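Let me begin by presenting the structure, written as structure tokens, before commenting on it.
Numbering (the numbering used here), first residue to last: 73 to 483.
The structure is reproduced here in structure tokens:
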């Protein structure tokens with residue numbers, strides 16, 4: 073007869089496997105970093121205030137360890153923990169997320185930064201196969217580019233392919249952003265709408281607002297994913313046009329070397345654009361009214377704007393929650409925004425919340441439902457500031473009763 077499994081033993085085995093890294097995130101059903109709750113926010117604020125009062129002396133450290141039961145983490149173990157957290161995460165880990173990992177310990181933000189620096193130096197050695205890179209959104213472990221040809225021999229991953237014309241459009245957006253589609257078409261000499269759409273679907277290009285030019289065309293720019301793929305921390309790390317020109321002559325023949333450089337093409341196009349604009353300025357003023365009546369949107373772009381706004385809302389809410397968890401100062405405006413966002417999230421209307429903000433900013437055409445919500449809000453505000461000495465309307469004739477003084481009637 074088979075023995076029934078011991079629940080306690082199974083639980084201990086599962087915990088041991090989790091400690092050894094054998095239970096994946098998908099199996100446990102829990103996210104890598106815990107979601108922020110009101111209890112965690114309150115506890116983090118209290119811990120941060122108490123620890124800040126006791127910092128700065130040996131007695132303070134002793135009292136903090138005794139009263140708050142602060143866990144002591146050595147420097148060598150700190151480096152090991154940071155590396156484990158970075159290895160276990162499939163996305164960049166921010167400094168605030170690392171601070172949350174060490175909540176309740178003697179580890180502060182400055183020690184975490186030093187541990188990241190030490191780890192980056194150690195992984196930069198020729199014997200290591202990964203590197204630590206700072207990318208938009210935090211820090212991430214990445215395989216060394218020198219080993220890529222060996223990795224492709226065994227790992228069958230789906231390649232991230234971008235065609236030559238699409239790369240051309242992406243380069244124009246990267247260096248000219250924020251840029252309108254008409255300027256991209258003018259630089260390339262051909263229509264680029266389908267390439268822009270493909271780059272947006274891959275998450276490399278996104279909307280950056282509207283231009284002040286007639287018709288208010290959309291502005292485009294690169295995304296965080298673009299900087300992650302190309303190993304950039306910010307747009308300032310893009311190579312200059314002069315640096316690109318120095319690389320172009322290498323390995324090309326004399327005919328290709330005689331072609332104009334990128335800087336020459338850019339200067340020439342800038343002069344042509346300025347000249348053509350001054351000549352046609354009067355004509356543009358005449359057709360401005362007609363252009364403003366033309367719809368420059370489509371169902372795809374409207375849906376894409378809404379999707380990107382929802383993604384930005386999620387990132388903003390996550391950033392505010394992380395700041396609250398580690399005890400950082402958060403403005404009242406951000407707190408109020410997070411409250412409204414959480415209410416919409418609980419009601420299952422995150423898309424409607426994003427749509428209302430886009431309509432208010434003029435980036436999205438309002439649907440009848442959104443227009444009604446905005447109208448109700450404005451009507452409530454008008455009622456609060458309404459004047460009591462206004463003339464009665466036909467609908468209020470029954471309420472327009474003349475004033476009657478009892479004392480005057482008795483006299």
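Glycine included, C-beta positions come from ideal geometry on N, C-alpha and C. Values in this document were obtained by computation on a predicted structure and should not be read as measured data.
Could you tell me if residue 398 is buried or exposed, where buried requires 16 or more neighbouring beta carbons within 10 angstroms of its beta carbon? In the chain shown, counting from the first residue as 1, residue 398 sits at position 326. Burial check for residue 398: the Cβ neighbour count within 10 Å reaches 16 or more, so the residue is buried.
How far does the beta strand (DSSP E) with residue 213 in it reach, from first residue to last? To locate residue 213, count along the chain shown from 1; it is residue 141. Its beta strand (DSSP E) spans residues 210-215.
Cβ atoms of residue 145 and residue 153: under 9 Å apart, would you say? Here residue 153 refers to the residue found at position 81 when the chain shown is read from its first residue. Here residue 145 refers to the residue found at position 73 when the chain shown is read from its first residue. Yes; because the gap between Cβ atoms is below 9 Å, this pair is in contact.
Which partner residues of residue 277 appear in the DSSP bridge assignment? As a working mapping, residue 277 is identified with position 205 in the chain shown. BP columns for residue 277 point to 294.
What are the complete beta strand (DSSP E) segments, minimum 3 residues, inside the segment 380-431? Listed in chain order, nothing qualifies, since the segment 380-431 has no complete beta strand (DSSP E) run of 3 or more residues.
Within the same chain, show all residues whose beta-carbon is closer than 6 Å to that of residue 187, passing over the 5 residues directly before and after it, in chain order. Translated into the one-based positions of the chain shown, residue 187 becomes position 115. Excluding positions up to five away in sequence, the list reads 150, 151, 154.
Between 262, 285, 225, which lies nearest to residue 251 when the distance is taken from Cα to Cα? For this step, residue 251 is matched to residue 179 along the chain shown. Nearest C-alpha to residue 251: 285.
Straight-line gap, residue 386 to residue 233 (C-alpha atoms, nearest Å): To locate residue 386, count along the chain shown from 1; it is residue 314. To locate residue 233, count along the chain shown from 1; it is residue 161. Whole-angstrom Cα-Cα distance: 28 Å.
Among 274, 273, 237, nearest to residue 256 - alpha-carbon criterion: One-based indexing of the chain shown puts residue 256 at position 184. Distance check between residue 256 and each of 274, 273, 237 places 237 closest, using alpha-carbon atoms only.
Meets three-Cβ-pair contact criterion under 8 Å: the segment 171-187 and the segment 272-279: As far as the Cβ criterion goes, the segment 171-187 does not touch the segment 272-279, which means the pair count is below three.
By DSSP, does residue 253 sit in helix, in strand, or in coil? Start at 1 with the first residue of the chain shown, and residue 253 comes out as number 181. Reduced to three states, the DSSP call for residue 253 is helix.
Pick out whichever of 404, 224, 281, 212 has its Cα sitting closest to the Cα of residue 170. Here residue 170 corresponds to residue number 98 of the chain shown, with the count starting at 1. Nearest to residue 170 by C-alpha distance, out of 404, 224, 281, 212, is 212.
Verify whether the separation of the beta carbon atoms of residue 246 and residue 307 is less than 9 Å. Against the chain shown, residue 246 aligns to sequence position 174. Against the chain shown, residue 307 aligns to sequence position 235. Pairing residue 246 with residue 307 gives a Cβ-Cβ distance under 9 Å.
Please classify residue 393 as buried or exposed, where buried requires at least 16 other C-beta atoms within 10 Å of its C-beta. Residue 393 sits at position 321 when you count from the first residue of the chain shown. With 16 or more Cβ atoms within 10 Å of its Cβ, residue 393 is classed as buried.
How far does the beta strand (DSSP E) with residue 205 in it reach, from first residue to last? Residue 205 sits at position 133 when you count from the first residue of the chain shown. Note, residue 205: beta strand (DSSP E), 202-207.
Is it true that the CB of residue 290 sits closer than 9 Å to the CB of residue 281? Looking up residue 281 in the chain shown gives position 209. Looking up residue 290 in the chain shown gives position 218. Cβ distance < 9 Å, so residue 281 and residue 290 count as in contact.
Given this structure, state the Cα-to-Cα distance separating residue 432 from residue 141, to the nearest angstrom. Position 360 of the chain shown holds residue 432. Position 69 of the chain shown holds residue 141. Straight across, the Cα-Cα distance linking residue 432 with residue 141 is about 49 Å.
Could you tell me the distance, in whole angstroms, from the CA atom of residue 375 to the CA atom of residue 160? For this step, residue 375 is matched to residue 303 along the chain shown. For this step, residue 160 is matched to residue 88 along the chain shown. Roughly 34 Å between the two C-alpha positions.
Helix, strand or coil at residue 177 [DSSP, three-state]: Mapped onto the chain shown, residue 177 falls at position 105. It is a strand residue.
What separation, rounded to the nearest whole angstrom, lies between the Cα atoms of residue 208 and residue 312? Numbered from 1 along the chain shown, position 136 holds the residue referred to as residue 208. Numbered from 1 along the chain shown, position 240 holds the residue referred to as residue 312. Going by the C-alpha atoms only, they are around 21 Å apart.
Let me know the secondary structure DSSP gives residue 143 once reduced to three states. For the purposes of this step, residue 143 is identified with residue 71 of the chain shown, where counting begins at 1. Secondary structure at residue 143: strand, using DSSP grouped into helix, strand and coil.
What is the DSSP secondary structure of residue 190, counted as helix, strand or coil? Taking the chain shown and counting its residues from 1, the one referred to as residue 190 is at position 118. In the structure shown, residue 190 adopts helical secondary structure according to DSSP, grouped into three states.
Could you compute how far the alpha carbon of residue 131 sits from the alpha carbon of residue 167? Numbered from 1 along the chain shown, position 59 holds the residue referred to as residue 131. Numbered from 1 along the chain shown, position 95 holds the residue referred to as residue 167. Bear in mind that a pLDDT of 47 at residue 131, under 50, signals an unreliable position, so the model cannot answer this.
For residue 199, list the residues DSSP reports as bridge partners. Numbered from its first residue, the chain shown carries residue 199 at position 127. DSSP lists no beta-bridge partner residue for residue 199.
When you compare only the Cα positions, how much space is there between residue 295 and residue 244? The sequence position of residue 295 within the chain shown is 223, counting from 1. The sequence position of residue 244 within the chain shown is 172, counting from 1. Each residue's Cα considered, the two are about 14 Å apart.
Just verifying my parser: in three-state terms, what is the DSSP assignment at residue 165? For the purposes of this step, residue 165 is taken as the residue at position 93 of the chain shown. Residue 165: strand per DSSP, three-state reduction.
Taking all protein chains shown into account, decide if residue 262 is buried (16 or more other Cβ within 10 angstroms of its Cβ) or exposed. As a first step, residue 262 is located in the chain shown; it is residue number 190 there, counting from the start. Exposed is the call here.
Just to confirm the assignment, what range does the alpha helix (DSSP H) spanning residue 224 have? Against the chain shown, residue 224 aligns to sequence position 152. That run of the alpha helix (DSSP H) goes 220-226.
Residues in its own chain within less than 6 Å of residue 264 by CB, not counting five upstream and five downstream? In the chain shown, residue 264 corresponds to position 192, counting from 1. Taken in chain order, the residues that qualify are 241, 256, 257.
Which value, in whole angstroms, describes the spacing of the CA atoms of residue 195 and residue 380? Taking the first residue of the chain shown as 1, we reach residue 195 at position 123. Taking the first residue of the chain shown as 1, we reach residue 380 at position 308. A direct Cα-Cα distance of roughly 35 Å separates residue 195 from residue 380.
Anticipated Cβ contact below 8 Å, residue 382 with residue 416, distance rounded: Walking along the chain shown from the start, residue 382 turns up at place 310. Walking along the chain shown from the start, residue 416 turns up at place 344. Their Cβ separation, rounded to whole angstroms, is 11 Å, which puts residue 382 and residue 416 out of contact at 8 Å.
Can the beta-carbon of residue 203 be found less than 9 Å from the beta-carbon of residue 214? Within the chain shown, the letter at position 131 stands for residue 203. Within the chain shown, the letter at position 142 stands for residue 214. Yes, Cβ-Cβ distance for residue 203 and residue 214 is below 9 Å.
In terms of residues, what are the limits of the alpha helix (DSSP H) holding residue 289? Stepping through the chain shown from its first residue, residue 289 is reached at position 217. Taken as a continuous stretch (DSSP letters only), residue 289 belongs to no alpha helix (DSSP H), as it is neither H nor E.
Cβ neighbour criterion (16 or more within 10 Å) applied to residue 471: Numbered from its first residue, the chain shown carries residue 471 at position 399. Confidence at residue 471 is low in this model, with a pLDDT of 40, below 50, so its placement is unreliable and the value that follows should be read with caution. Here residue 471 is exposed: its Cβ has fewer than 16 other Cβ atoms, across all protein chains shown, within 10 Å.
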